[in-house]
Each structure stands twice: as structure tokens, then as C-alpha cells.
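Enquirer: In UniProt numbering, the protein residues as written are 1 to 336.
The C-beta atom is built at its ideal place from N, Cα and C for all residues, glycine as well.
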Amino acid sequence: MYQQQHHLSINNVARPSYLLPFGLHVRSPLYTSSKPSTLTSHSFNILRVLDSSERSPDFNYVIGIELLVHLRYLAISCAQLPSVNLRKLEFIFVDNKREGEIPDILLNMESLRHVYFRGGACFSASCRQQANKDESLQINNLQTISTLHISDETDENFLRFSPNLRRLKCEVGSLHNPSFNFFNQLESLTLSGSGLTSLPFNLKKLTLKSVKMSLEQMEIIGRLLNLEVLKLQSASFDGNKWDTSEGEFPQLKFLKVHCVQIAEWNTSSDHFPRLQRLLLEHCHLLKMIPSSLGDIPTLQMIKVYGCAQAIVESASKIQEEQRDMGNEELKVMIVN
């Protein structure tokens, strides 16, 4: 019967190698034991999916992983990736507790598309050397990197060798303000701990965390013609004021403002002509929500969470004004 099994879940087994008879036919094992143990790769020679991300970090996950030539999906919990070239691997998720390293051999896997490090990762010394020496280097396969630590211009230069990235989540050192306008395909960017100098014009989703914003930087964001989602988290504005202008945010549909140091927000309905959802969380300095936002014809919802009473009152007032004008579509949610 086990010869017909393609999926195998191993849970709380001290010696999963005892289950080797299954291995000749299993393609997708899920290992969730919290006990340190090993799997032997030659027993899973047609393996395509290996998920051991929920188990103990002491687990020596595979002996001879380089033999898993059909592996396409790998999720593991470890401090350091093995230096092996899995030619068919497309997706890797590393559940690391401390900052890891992205080795050059990983980036040279031709089929690899998506790289995720839960605890963050930096480019290895060999990657950084390549960035300084080989200007012809091209890594055209990568589409996603998360979460990357960028410390200086060398790390930024290495990203230039990956022109087809579509999703990037990164943390940037406080002494470096990166320029990302060289990305031609980037659609989603999450940036923590830095200011901005330039952004790719084709961005659709932008998340900024712990960033100090100047008026010029917000104007750069406002001119992103394809931006549909903007999330500002733990950000601050010069003078605690945000002024928008006509022609900005032409495609923005979702705006989240979380723990942002802003007291005054000057805007108009035609500055966010396609906004559908506005979410305000823990904005304790903000004095009021601009009433003109209620006049945005596409606005469907305003949600206020953990904000000052003045914000709650202005949200309720906007809803009342819209109802008086016959607009029953706008929903206001207040969560304390």
C-alpha cells in the first residue's frame, strides 16, 4: 500500500528514518516533530516538496540533500544553509532565528524564483565580492527576496544584477538611503529603517516601516502612477504634517496609516481619486480626518483602530455627512 503514497506527514517521531520504505514513492513529506532527527535523502529520490519548517532547529534535516535533484519546494528551520546546488529548486523558505547569509551558490540556481528568510539575511562575502568585480553578472531568474538586510552601496549594487525582481522586502541601515529606480519589474516593495531617494515607477504595493519622510519623499511616492496599496507604519513626517497635491496617488485603492507621527493632514478628495479603503491605527497625534475624503466617490470604508477620540468623532461626522447626501455605501468601523 505504501508504494502508492505520494504525500507523507511525519509527526513527533524520534527516528523518522524508520519510515524509509515510504521514501521511494513519496514526493511531498511534511515533518513536524519537535525532536532532533535526520532524514536520508537517497530514500526519497523523487522528492519534489520538503517542508520541515515547523520542527526543532536542532534537526539535521537531510543527509545528502544534494541528491534531491527533483526538489522544487524547500522549507526548513536552520541557522545556515548547506552549500549545494539544487538545479530544479524554485522556492525556498528559511525559518531562521538569527540573521542568515545568502550564499552565491543559492543565487546561481537557474530555476530558483522565490527566496524567503523569516529572520532576515544578508549577502555573503562571496556575493559582495562578485558585486565589486563582475559587472556582467546577471541573475535573471529571481522574482522574490524577503527579508534582505542592506548595509551599504555594495549590497545595493548586487541587487542591480537581479533586474527581474517583482517583490522585495528589505531592511536598510540608517546610514544608507538606497535608490531602487533601476528595477524595471518590481511591483511590491517593503522597506524598513531608511529614507528614500528614488523608486521604480511601476510599483503597485509599497510598505514603509520606521521611515522618516520628508515632503519631497512623499511627493516621489505620490507620483507613482501604478501604486494601488500604500502602508505607512511607525513612520514620521517633517513637521508632523502631510500635505498632498492634485495629481498624486492616481491609482491608490488602499491606504494604511499605522503609528505615524502626524498631527496635520491636508488633502482633498481629488488627491486620492480612486481610494476605496482607509485604515488608521494608533495615530495619537492626528487631530482629525480631512472631511473632504468622504467625497471620494470610490471610498467604501474608513476603519479607525486605537486612535484618539477626535479621530473617532471626525470619522463618524464624515459618515453622517455622506448619509445626508444620500451616500449609504460608505462604512465606518470604530475599534477601540
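Does the Cβ-Cβ distance between Gly193 and Glu219 come in under 8 Å?
Expert: On the sequence shown, residue 193 is found 193 positions in, with the first residue counted as 1. On the sequence shown, residue 219 is found 219 positions in, with the first residue counted as 1. Gly193 places its beta carbon 8 Å or farther from that of Glu219.
Enquirer: Where does Gln300 fall in DSSP's three states?
Expert: Within the sequence shown, residue 300 is the residue found at index 300, counting from 1. It is coil, neither helix nor strand.
Enquirer: Could you check what DSSP says for Asp243 in three-state terms: helix, strand or coil?
Expert: Taking the first residue of the sequence shown as position 1, residue 243 is located at position 243. Of the three classes helix, strand and coil, the one that applies to Asp243 here is strand, per DSSP.
Enquirer: Just curious, the beta strand (DSSP E) that Phe93 is in, first and last residue?
Expert: Locating residue 93 in the sequence shown gives position 93, counting from the first residue. Residues Phe91 to Val94.
Enquirer: Would you check if the distance between the CB atom of Leu165 and the CB atom of Phe201 is smaller than 8 Å?
Expert: Position 165 of the sequence shown holds residue 165. Position 201 of the sequence shown holds residue 201. No, Cβ-Cβ distance for Leu165 and Phe201 is not below 8 Å.
Enquirer: Just tell me which of Val115, Gln261, Arg274 and Glu264 has its CA closest to the CA of Glu248.
Expert: In the sequence shown, the residue the question calls residue 248 occupies position 248. For the residues Val115, Gln261, Arg274 and Glu264, the minimum Cα distance to Glu248 belongs to Arg274.
Enquirer: Closest by CA to His70, which one among Ser77, Ile76 and Asn85?
Expert: Reading the sequence shown from its first residue, position 70 is the one you call residue 70. Nearest option by C-alpha distance: Asn85.
Enquirer: Using C-beta distances below 7 Å, list every residue in its chain close to Thr298, excluding the 5 sequence neighbours before and after it, in chain order.
Expert: Taking the first residue of the sequence shown as position 1, residue 298 is located at position 298. Closer than 7 Å at Cβ, skipping near neighbours: Arg274, Leu275 and Gln276.
Enquirer: On the three-pair Cβ rule with 8 Å, is the segment 123-136 touching the segment 84-99?
Expert: Look at the beta carbons and you see the segment 123-136 not touching the segment 84-99: under three pairs across the two are nearer than 8 Å.
Enquirer: When you compare only the Cα positions, how much space is there between Ser245 and His271?
Expert: Residue 245 sits at position 245 when you count from the first residue of the sequence shown. Residue 271 sits at position 271 when you count from the first residue of the sequence shown. Distance between the alpha carbons of Ser245 and His271 is about 6 Å.
Enquirer: When DSSP builds the beta bridges, which residues end up paired with Gln261?
Expert: Position 261 of the sequence shown, counted from the start, is the residue given in the question as residue 261. Beta-bridge pairing links Gln261 to Ser236.
Enquirer: At what residues does the alpha helix (DSSP H) containing Arg98 begin and finish?
Expert: Stepping through the sequence shown from its first residue, residue 98 is reached at position 98. Looking at the DSSP string, Arg98 is not in any alpha helix (DSSP H), and its letter there is neither H nor E.
Enquirer: Whole angstroms is fine: what's the gap from Phe158's alpha carbon to Ile46's?
Expert: Indexing the sequence shown from 1 puts residue 158 at position 158. Indexing the sequence shown from 1 puts residue 46 at position 46. In this model, Phe158 and Ile46 are separated by some 34 Å (Cα to Cα).
Enquirer: Let me know the secondary structure DSSP gives Asp58 once reduced to three states.
Expert: Position 58 of the sequence shown holds residue 58. Because Asp58 carries a pLDDT of 45, less than 50, the predicted location of this residue cannot be relied on, and no value is offered for it.
Enquirer: Run through DSSP, which three-state label would Met325 get?
Expert: Numbered from its first residue, the sequence shown carries residue 325 at position 325. Here Met325 carries a coil assignment [DSSP, helix/strand/coil].
Enquirer: I need the DSSP call for Phe180, collapsed to helix, strand or coil.
Expert: As a working mapping, residue 180 is identified with position 180 in the sequence shown. Three-state result, Phe180: coil.
Enquirer: By how many angstroms is the C-alpha of Val312 removed from the C-alpha of Leu279?
Expert: As a first step, residue 279 is located in the sequence shown; it is residue number 279 there, counting from the start. As a first step, residue 312 is located in the sequence shown; it is residue number 312 there, counting from the start. Rounded to the nearest angstrom, the two C-alpha atoms are 12 Å apart.
Enquirer: Roughly how many angstroms separate the alpha carbons of Thr191 and Gly120, rounded to a whole number?
Expert: On the sequence shown, position 191 is the one that residue 191 refers to. On the sequence shown, position 120 is the one that residue 120 refers to. Going by the sequence as given, residue 191 is Leu instead of Thr. A straight line joining the alpha-carbon of Leu191 with that of Gly120 spans about 13 Å.
Enquirer: Output the residue ranges of the beta strand (DSSP E) runs that lie fully inside the segment 187-240 and measure 3 residues or longer, sorted by chain position.
Expert: 188-192, 205-209 and 229-233
Enquirer: Mind checking which residues open and close the alpha helix (DSSP H) that includes Lys133?
Expert: Sequence index remark: in the sequence shown, residue 133 carries index 133 (1-based). Ala125 to Lys133 is the span of the alpha helix (DSSP H), which, as asked, contains Lys133.
Enquirer: Can you say whether Met333 is buried or exposed, counting buried as having 16 or more other CB atoms within 10 angstroms of its CB?
Expert: Your numbering for residue 333 matches position 333 in the sequence shown. With fewer than 16 other Cβ atoms within 10 Å, it is exposed.
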